[in-house]
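In my numbering, the protein residues as written are 994 to 1202.
Here a beta-carbon is modelled for each residue, glycine too, at the ideal position from N, C-alpha and C.
Bear in mind the structure is a predicted one, so any value in this text is a computation, not a measurement.
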């Protein structure tokens, strides 16, 4: 089966933001009083879902909106230095040229994403940004309505367990990538509808050779 509309996550899926994310997370730890992590400790979180990570960090759930807003602002200061993964810009251009609709749904800020995308931002039909940690499903539903397609014709592609969870809640197919934040073996174990080991494997899922 091929799809007609793509919903992409941004951080860890289209762009390599791991370093800025870690810096923002540790800055938030200092600000809001939870534990800072070393690079090795961040790596250990790659085999956990979002709720497990929150528990590991010792973050109270009620603080999450404040922390997320703080991290978006912190990451915005480095947006100009963020680089897309190799092949990401070309992928979006190929999909657009083939008539595939494209949305980006992210917890990151739209301004930061547009800055990182540069001219490639013109390939995107819809930006649904600033999603809460567990609030992506509602943004996926907005993208479904915007697309004009039945949910069965839409593939949402991300790099974390919460992306798969949100896709299932919204009733769209879940795609996962091997190069993002979460460990690929862990992601595969969650049973996504499509799993992509390389960027160039994505276009064929939309019937683009």
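Discussion item. So residue 1072 and residue 1108 are supposed to be a Cβ contact under 8 Å. How far apart are they, rounded?
Written reply: 4 Å
Worksheet item: Can you round the beta-carbon distance between residue 1186 and residue 1166 to whole angstroms, since I take them to be within the 8 Å contact cut?
Response: 4 Å
Worksheet item: Once you ignore the five residues that flank residue 1007 on each side, which residues in its own chain have a CB closer than 7 Å to its CB?
Response: 1001, 1077, 1078, 1081
Item to complete: Assess, as a yes-or-no matter, whether the region 1142-1158 is touched by the region 1109-1125 under the definition of 3 or more beta carbon pairs within less than 8 Å.
Response: no
Item to complete: Answer yes if the region 1136-1147 comes into contact with the region 1036-1047, meaning at least three C-beta pairs across the two stretches below 8 Å, and no otherwise.
Response: no
Worksheet item: Can residue 1176 and residue 1010 be called in contact, C-beta distance under 7 Å?
Response: no
Practice prompt. Return the chain-ordered list of same chain residues with a C-beta closer than 6 Å to the C-beta of residue 1029, the five sequence neighbours on each side being excluded.
Written response: 1019, 1022
Worksheet item: What residue range is occupied by the uninterrupted alpha helix (DSSP H) comprising residue 1028?
Response: Looking at the DSSP string, residue 1028 is not in any alpha helix (DSSP H), and its letter there is neither H nor E.
Worksheet item: Looking only at its own chain, which residues have a Cβ that is under 7 Å from the Cβ of residue 1099, when we skip the five neighbours before and after it?
Response: 1002, 1003, 1004, 1106, 1122, 1124
Worksheet item: Which word fits residue 1091, buried or exposed, when buried means at least 16 other C-beta atoms lie within 10 angstroms of its C-beta?
Response: exposed
Discussion item. Can you list, in chain order, the residues of its chain with a C-beta nearer than 7 Å to that of residue 1136? Leave out the 5 residues immediately preceding and following it.
Written reply: 1000, 1096, 1098, 1119, 1121
Item to complete: Tell me, please, which residues DSSP counts as bridged to residue 1120.
Response: 1097
Worksheet item: For residue 1183, does the three-state DSSP call read helix, strand or coil?
Response: coil
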